[in-house]
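Each remark here refers to the structure printed beneath this line.
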Amino acid sequence: MTELWSALGRMLVAWTVMTTLGGSFAYGIFLWMEPLLPGSDLIALGIRLATAGGAAGLALGLVQERFGAGGVTLSRFWPAATAAGWAFGLPAVVGFSVWIRPLIADLPDGFRLAFALTGAGVAGAAAAAWQWTLLKTRLKGALWWPLANGVGWLMGWILVLAIGLFLGAGEPLPVEMNRFGDGLILGACAGFVIGLEQGIALVGLIAQEAWAGSSRKHSF
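So the sequence shown is numbered by our numbering: it starts at 401 and just counts up by one.
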């Protein structure tokens with residue numbers, strides 16, 4: 401059991417670091433596409449976010465699948481599931497924020513922020529649905545995975561807004577080349593929170609299986 405917990409601890413650290421780098425990578429791809437798809441309209445922004453998210457998610461999923469998770473072998477479909485989730489999640493969060501803004505313009509500031517952040521949580525949970533399809537048949541309690549991702553994306557978006565405000569980068573994220581450094585910071589912060597939430601959830605699921613006395617090899 402001690403060996404298991406040691407492996408899970410290493411997995412939690414590695415998972416968080418990988419996702420932190422994935423967040424920065426996603427922003428880098430997003431900004432790289434700025435000259436290719438100029439304009440600030442919602443369609444161009446959504447395409448850039450979906451492409452950046454898909455590329456970062458694929459790279460992140462490949463690294464996660466290569467190194468596994470605490471002795472757990474990840475499915476060969478894990479990179480594709482991660483790419484699909486990120487490609488959906490990033491534009492969904494921003495799109496929801498833009499869509500709901502005029503509908504809640506007359507509400508108090510606290511309510512407007514709460515509605516906007518709720519969209520981030522829902523989008524994060526939906527983004528994890530592809531990964532959940534790989535988890536649900538292998539790990540008991542895998543239904544917690546979308547919830548953990550929803551919390552992670554929600555907290556990540558709060559952190560992005562707070563740090564973006566501090567840096568003067570605006571929202572939802574800086575899109576000018578001279579804000580590249582700020583964007584990397586914002587992307588890394590969001591990735592850190594998402595990765596930490598995911599890692600904690602995965603550690604809990606694997607530990608639950610071990611606690612139940614399951615001796616079968618996990619593969620999902």
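By construction, the Cβ of each residue, glycine as well, lies at the ideal position given by its N, Cα and C atoms. As the structure is a computational prediction, the values presented were derived from the model and not from experiment.
If I measure Cβ to Cβ from residue i and keep anything under 6 Å in the same chain, skipping five residues before and after, which residues do I get?
| i | result |
| --- | --- |
| Val551 | Glu597 |
| Gly591 | Thr419, Thr420, Gly422, Gly423 |
| Phe496 | Gly519 |
| Val463 | Met418 |
| Leu412 | Gly599, Val603 |
Can you name, in chain order, every residue of its own chain whose Cβ lies under 7 Å from the Cβ of residue i, other than the five neighbours on each side?
| i | result |
| --- | --- |
| Leu408 | Gly470, Val603, Ile606, Ala607 |
| Ala588 | Thr420, Gly423, Ser424 |
| Ala487 | Ala450, Gly453, Gly454, Gly457 |
| Ala601 | Trp544, Trp545, Ala548 |
| Phe430 | Arg448, Leu449, Ala452 |
| Gly376 | In the structure as shown, the chain begins at 401 and stops at 620. Residue 376 is therefore absent and cannot be evaluated. |
| Met433 | Arg448, Thr451, Ala452 |
List the endpoints of the continuous alpha helix (DSSP H) containing residue i.
| i | result |
| --- | --- |
| Phe496 | 478-500 |
| Leu442 | 442-467 |
| Ala529 | 529-535 |
Cutting at 8 Å between CB atoms, please list the residues of its own chain near residue i, excluding the five before and the five after it.
| i | result |
| --- | --- |
| Pro502 | none |
| Ala525 | Pro546, Leu547, Asn549, Gly550, Trp553 |
| Val493 | Gly519, Ala520, Ala523, Gly524, Trp553, Trp557, Pro572 |
Three or more C-beta pairs below 8 Å linking the segment 559-566 and the segment 527-546: no
Any 3 or more C-beta pairs closer than 8 Å across the segment 509-523 and the segment 476-483: Flag = no, the segment 509-523 and the segment 476-483 do not touch.
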